[in-house]
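Residue 278, in this note's numbering, is where the sequence shown stops; the numbers in between run on with no holes.
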Amino acid sequence: MYPWTDRAGTFSALKSAVLLACLAPGASLLAKALGGMLGSKPLTYAIHDTGDWAVRFLLLSLLVTPMRTIAAWPKLIMVRRMLGLTALAYVLIHFVLYVVDQRYDLIKVASEIALRFYLTIGFAALIGLAVLGGTSTDAAIKRLGTVRWNRLHAIVYGLAVLSLVHFFIQSRLDVTQPVLMSGFFVWLMGYRLLRKRDVAINLLSLSALALTAGLATALIEVAWYASMTGVKASRVLAANLDFSFVIRPAWWVLWAGLALALVQLARRPANPAARR
Ligand code: HEM
Numbered sequence: 003m004y005p006w007t008d009r010a011g012t013f014s015a016l017k018s019a020v021l022l023a024c025l026a027p028g029a030s031l032l033a034k035a036l037g038g039m040l041g042s043k044p045l046t047y048a049i050h051d052t053g054d055w056a057v058r059f060l061l062l063s064l065l066v067t068p069m070r071t072i073a074a075w076p077k078l079i080m081v082r083r084m085l086g087l088t089a090l091a092y093v094l095i096h097f098v099l100y101v102v103d104q105r106y107d108l109i110k111v112a113s114e115i116a117l118r119f120y121l122t123i124g125f126a127a128l129i130g131l132a133v134l135g136g137t138s139t140d141a142a143i144k145r146l147g148t149v150r151w152n153r154l155h156a157i158v159y160g161l162a163v164l165s166l167v168h169f170f171i172q173s174r175l176d177v178t179q180p181v182l183m184s185g186f187f188v189w190l191m192g193y194r195l196l197r198k199r200d201v202a203i204n205l206l207s208l209s210a211l212a213l214t215a216g217l218a219t220a221l222i223e224v225a226w227y228a229s230m231t232g233v234k235a236s237r238v239l240a241a242n243l244d245f246s247f248v249i250r251p252a253w254w255v256l257w258a259g260l261a262l263a264l265v266q267l268a269r270r271p272a273n274p275a276a277r278r
């Protein structure tokens, strides 16, 4: 089985398209590096870029389960493993680039990881993702059994939280991106909560989820700025209502959530029996 074929060994357009999407950020980074377009600190640029993509692919892998229902596209499961492994690949490159940046001084790398909290949790997330990657094969699923495998792979939610905290702490003053990613994560977890509570997935529940995730995103932003910089909550909230500068992450999370609610509406089976 190749990354572009399905289980039967036939060419899969879906898997091929996702494979290209997985490789694109790495190829773009490499092309920029070869063209000397990574700025005055190429390693720092590459560390940030690979870190960003690691988080994005991790969240995309978590989006597969909701999208199977929302878009009525069960075949999407075929690309979940690929997305998760892509997140791991970007994390590993991210780590190797960090080691290169530290001039291969492994003692320094180890002590930095032990001493700096944001690196300690980044490292914990990396180890966890490596464990998930190592147990993502069919043979590993068979060996562990579905129940134990599912239980192990549920740690992905905790690893996503660690990755987001790592993202927040290193971003320091401008946390727009980590706030945005956290908002998407809230939506992803909220969706799972709805499923767990047996709430019907429809326009109403998805719209309510979009609104809740959007509000939670604004609150995460307020909480971060209030605790780290002392900026008043009212000022951060007011920035969310000022569209003349930048549109704050809470709105993107709300719109993305509402867009998914519309996708569900458009894709739901016309026949109520099939819907059930
Ligand atoms: C041993 C493991 C790790 C190390 C040593 C490490 C190291 C770093 C370093 C040095 C930075 C830049 C900090 C700065 O410029 O001040 C960074 C940023 C970042 N890292 Fe990691 N990291 C690790 C694991 C992870 C993991 C597991 C993820 C996500 C899955 C991740 C995602 C990110 C992101 C998103 C950024 C910020 C990128 C940006 O600002 O655009 N890192 N990391």
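The C-beta atom is built at its ideal place from N, Cα and C for all residues, glycine as well.
Contact test: G124 Cβ vs ligand 1 heavy atom, cutoff 7 Å: yes
Environment of G312 [buried if 16+ CB atoms lie within 10 Å]: Given a span of 3 to 278 for the chain in the structure shown, any question on residue 312 remains unanswerable.
For I79 and R278, the rounded distance between their alpha carbons: At R278 the pLDDT is 47, less than 50, meaning the model places this residue with poor confidence; the figure from the coordinates comes in the next sentence. Going by the C-alpha atoms only, they are around 20 Å apart.
Residue of Y92, R269, V163 minimising C-alpha distance to Y120: V163
Inter-residue CB distance, A35 and P44 (contact presumed, cutoff 8 Å): 6 Å
Whole beta strand (DSSP E) elements within the region 116-192, 3-residue minimum: none
Cα-Cα separation between F247 and D54, rounded to whole angstroms: Whole-angstrom Cα-Cα distance: 23 Å.
Limits of the unbroken alpha helix (DSSP H) element including A19: 15-36
CB contact check: L25 to chain B, cutoff 8 Å: Structure shown: chain B not included; a single protein chain is present.
Three-state secondary structure assigned by DSSP to L262: helix
Alpha-carbon to alpha-carbon, G37 and Y92: 21 Å
Boundaries of the alpha helix (DSSP H) in which W55 is found, first to last residue: 44-72
Span of the alpha helix (DSSP H), counted from its first residue to its last, around W226: 205-231
At least three beta-carbon pairs within less than 8 Å, the region 97-104 to the region 70-84: no
Residues of its chain near T214, where Cβ-Cβ distance is below 7 Å and the 5 sequence neighbours each way are ignored: Cβ within range, chain order: G192.
Inter-residue Cα distance where the pair is L175 and S165: 18 Å
Nearest residue (CA-CA) to V238, options I157, R58, V177: V177
In DSSP terms, what T7 is bridged to: Per DSSP, F13.
Continuous alpha helix (DSSP H) stretch holding I95: start and end: 82-103
Stretch-stretch touch, CB-based, cutoff 8 Å, three pairs: the region 212-226 with the region 136-150: In short, these stretches do not touch, since the Cβ pair count stays below three.
Burial state of R9, where buried means 16 or more other Cβ atoms lie within 10 Å: Answer is exposed; the Cβ neighbour count stays below 16.
Exposure label - S113; buried when at least 16 CB within 10 Å: exposed
Counted within 10 angstroms of its Cβ, other Cβ atoms place I203 as buried (16 or more) or exposed: buried
Within 8 Å, strictly: CB atoms of H155 and L134: yes
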